[in-house]
Amino acid sequence: MSVAIIAHIEHLSNRLGRVAVICGILAAVGQGLADLPFAINSAWVSDTGWINYFNAMWAAASLLAAASIGLAAVRKEKQMEAHLASGRPGMYASEDYSTTVHASFLSLVTGAVGALLTGIASLMLIGGGGPATRLSWILYAIGSVLLAAAIIAHIEHLSLSLGRPAVILGSLAMILNAVSALPGVFDPAGSNTLDTTLIWLLFAGSATIAAIAIGLVAVRRRAQG
Numbered sequence: 000m001s002v003a004i005i006a007h008i009e010h011l012s013n014r015l016g017r018v019a020v021i022c023g024i025l026a027a028v029g030q031g032l033a034d035l036p037f038a039i040n041s042a043w044v045s046d047t048g049w050i051n052y053f054n055a056m057w058a059a060a061s062l063l064a065a066a067s068i069g070l071a072a073v074r075k076e077k078q079m080e081a082h083l084a085s086g087r088p089g090m091y092a093s094e095d096y097s098t099t100v101h102a103s104f105l106s107l108v109t110g111a112v113g114a115l116l117t118g119i120a121s122l123m124l125i126g127g128g129g130p131a132t133r134l135s136w137i138l139y140a141i142g143s144v145l146l147a148a149a150i151i152a153h154i155e156h157l158s159l160s161l162g163r164p165a166v167i168l169g170s171l172a173m174i175l176n177a178v179s180a181l182p183g184v185f186d187p188a189g190s191n192t193l194d195t196t197l198i199w200l201l202f203a204g205s206a207t208i209a210a211i212a213i214g215l216v217a218v219r220r221r222a223q224g
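Heads up: the sequence shown begins at 0 in numbering that gives the first Met the number 0, then just goes up one per residue.
Shown next, in the form of structure tokens:
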């Protein structure tokens, strides 16, 4: 994911701002580093130290994603103020269309809050979560729903750029990610092995659907030449 963002860094930087894009790249790197130890040795998934590492890296990645989306929202706000001052609110001249943040301010804020909540949830799970474990899973579910809502709120423009099937699958992936938190909400102690397995299966399903969505975008891009 980070490689894909880097490959598109100039275009994204012109539209979202360089710092926002760098935060997005670091977020993707953090997610990869979170999973890397378990790819090396799957037995570490039951090791408390590595689980804490996993939650810490996911927290950092989510907070960086929140910062990235938040910075894009700030950029959007400044652009809105500039267009209002120019007397053409909501209108983009041909010379600034490629540098405009097209997502609405509300959808950006929604996405930033969603990423922030998932980051806070991951931080709370470090060390096992304790009495706050159920709350952390609730926050994770709410954060994922907000991320899905941010995508859905911007579905028309995203569909023009990425294709409707890809956007729908992306939204579905985030909703499934929210559902993956529900076993943790109802069984925060993780005493039921089936619940733990279900969490991982739902999370894997979410990641797979997201990958298919990105693949559809790649196919669309190739077809466009």
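Note that beta-carbon positions come from the ideal geometry of N, C-alpha and C, so glycine has one too.
- Here Ile119 has Leu138 as same chain residues with Cβ atoms under 7 angstroms from its own Cβ, once five neighbours each way along the sequence are excluded.
- DSSP places His153 outside both helix and strand once states are collapsed to three, so it counts as coil.
- Of all alpha-carbon atoms in Phe53, Leu35, Leu63, Leu32, the one lying nearest the alpha-carbon of Gly23 is that of Leu63.
- Contact between Thr109 and Ala152 holds, with the beta-carbon distance rounding to 7 angstroms and staying under 8 angstroms.
- Taking 8 angstroms as the upper bound for CB-CB distance, Gly128 and Ser135 are in contact here, some 5 angstroms apart.
- For Ser45, the three-state secondary structure derived from DSSP is helix.
- Here Asp34 carries a helix assignment [DSSP, helix/strand/coil].
- In the three-state reduction of the DSSP assignment, Ala180 falls in the coil class.
- Shown here for Gly162: same chain residues with a beta carbon closer than 7 angstroms to its own, the five before and five after excluded, namely Leu215, Val216, Arg219 in chain order.
- Separation of Ser41 and Trp49 (C-alpha to C-alpha, rounded to the nearest whole angstrom) is 11 angstroms.
- In this structure, Ala71 sits near Leu15, with a CB-CB distance shorter than 8 angstroms.
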